[in-house]
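Chemist: Pasting in a structure now, in structure tokens, and then I'll have a few things to ask.
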Amino acid sequence: MAFNNVETPENFEQKCLCVLVLDVSGSMSGDPIDQLNNGINTFHEEIKTDSTASNRLEVCLIEFSSDVNVLVEPSLVENFTMPRLITKGTTKLVDGVREAIQKVSERKGWYKSTGQRYYRPWIILMTDGAPDSDQDVDSLANEIRTGTANKSFFFFAVGVQGANMDVLTKISSPEMPPSFLKGLKFSEFFKWLSASMTTVTGSKDGDTINMPSPASWMKGFKI
């Protein structure tokens with residue numbers, strides 16, 4: 000909600016920001032992008048059915064290819080329709096994640112300025128390749144390690160078939176290593192993510208949070 004072009008809170012529930020950073024480079028064409036589109040719509044619809052999560056979870060959607068585009072600014076799920084992702088270009092992965100970190104910083108500042116409590120934000124990266132050669136992976140790794148160590152945000156990378164898992168391991172914190180998607184189980188991943196975000200937004204400060212099992216979508220997961 001905006002008043003005189005200044006955004007005002009729609010409610011004063013404790014907020015949780017989830018930034019989805021999604022690879023739409025040319026290698027995602029065909030079944031991968033179709034399944035990814037199905038998955039993000041599943042996520043959107045499932046969050047909408049939970050009244051607590053829909054009042055607390057804000058979603059931001061960033062796509063990266065040869066460019067970086069913010070398709071959905073941080074918003075409660077009832078305030079936007081998931082866009083349809085279209086593949087093109089190369090893989091500006093580092094730029095995409097940096098945009099997410101900036102969005103997290105800006106949104107936390109807004110929460111503070113408007114008197115809203117918030118959970119630690121989440122940045123979720125999904126990619127099927129390696130970053131372009133001009134991307135500074137080492138610098139991004141330092142930013143993510145610093146941000147996660149300072150509890151500024153959680154960072155979770157998911158590799159799709161073809162992903163360079165060495166790069167994803169380099170930019171991830173040891174406490175939350177990257178995972179590999181089983182086949183094209185995007186819908187299963189986003190069902191898990193919606194259940195996880197519902198668990199987080201339903202918790203109180205100090206609660207121990209037990210996340211759902213990722214067995215349905217994570218390759219190699221063992222109990």
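FYI, in numbering that gives the first Met the number 0 the residues of the sequence shown are 0 to 222. Think of the CB as a built atom: it goes at the ideal place given N, C-alpha and C, for glycine as much as any other residue.
What runs of the alpha helix (DSSP H), each 4 residues or longer, lie entirely inside the stretch 46-132?
Modeler: Listed in chain order, they are 50-55, 92-112.
Chemist: Can you name the start and end residues of the beta strand (DSSP E) that residue 19 belongs to?
Modeler: Counting along the chain, the beta strand (DSSP E) containing residue 19 begins and ends at 15-22.
Chemist: In the DSSP assignment, find the unbroken alpha helix (DSSP H) run with residue 158 in it and report its ends.
Modeler: Not the alpha helix (DSSP H): residue 158 falls in the beta strand (DSSP E), residues 153-158.
Chemist: Whole angstroms are fine: how far does the CA of residue 9 sit from the CA of residue 82?
Modeler: Whole-angstrom Cα-Cα distance: 22 Å.
Chemist: Are at least three pairs of beta-carbons, each pair with one atom in the stretch 143-157 and one in the stretch 108-116, less than 8 Å apart?
Modeler: As far as the Cβ criterion goes, the stretch 143-157 does not touch the stretch 108-116, which means the pair count is below three.
Chemist: Compute the distance between the beta-carbons of residue 139 and residue 42, then report whether it is under 7 Å.
Modeler: Taking 7 Å as the Cβ cut-off, residue 139 and residue 42 do not qualify as a contacting pair.
Chemist: Just the Cα atoms here: how many angstroms apart are residue 237 and residue 210?
Modeler: Lying outside 0 to 222, the shown extent of the chain, residue 237 is not represented and no answer is given.
Chemist: For residue 180, report the span of its alpha helix (DSSP H) as first-last.
Modeler: From DSSP, residue 180 is part of no alpha helix (DSSP H); its letter is neither H nor E.
Chemist: Can you tell me which residues form a DSSP beta bridge with residue 217?
Modeler: BP columns for residue 217 point to 180.
Chemist: Count the C-beta pairs between the stretch 156-172 and the stretch 61-69 that are closer than 8 Å, then say yes if the count reaches three, no if not.
Modeler: The stretch 156-172 vs the stretch 61-69: no contact.
Chemist: Assign residue 207 to one of three DSSP states: helix, strand, or coil.
Modeler: Reduced to three states, the DSSP call for residue 207 is coil.
Chemist: Rank 148, 127, 202 by C-alpha distance to the C-alpha of residue 173 and give the top, closest one.
Modeler: It is 148.
Chemist: How would you label residue 62, buried or exposed, when you count the other beta carbons within 10 angstroms and need 16 or more for buried?
Modeler: Label assigned to residue 62: buried.
Chemist: Could you check if residue 222 is buried or exposed, using at least 16 other CB atoms within 10 Å of its CB as the buried criterion?
Modeler: Confidence at residue 222 is low in this model, with a pLDDT of 46, below 50, so the placement of that residue is unreliable and no value is reported for it.
Chemist: Would the stretch 14-32 and the stretch 95-105 be scored as touching if the rule is three or more Cβ pairs under 8 Å?
Modeler: The answer is yes - the stretch 95-105 touches the stretch 14-32, with three or more Cβ pairs under 8 Å.
Chemist: Residue 150 by DSSP, collapsed to three states: which one?
Modeler: In this structure, residue 150 counts as coil in the three-state DSSP scheme.
Chemist: Please return the same chain residues whose Cβ sits closer than 6 Å to the Cβ of residue 113, not counting the five positions on each side in sequence.
Modeler: Counting only Cβ-Cβ distances below 6 Å, and skipping sequence neighbours, we find 8.
Chemist: Below 7 Å between beta carbons: does that hold for residue 165 and residue 27?
Modeler: Result no, Cβ atoms of residue 165 and residue 27 do not sit closer than 7 Å.
Chemist: Note down, in chain order, each residue of its chain lying with its Cβ closer than 8 Å to the Cβ of residue 183, except the 5 sequence neighbours on either side.
Modeler: Excluding residues within five positions, the ones whose Cβ falls inside 8 Å are 30, 31, 34, 159, 160.
Chemist: How many Å lie between residue 185 and residue 37 at the Cα?
Modeler: Taking the straight line joining both Cα atoms gives about 8 Å.
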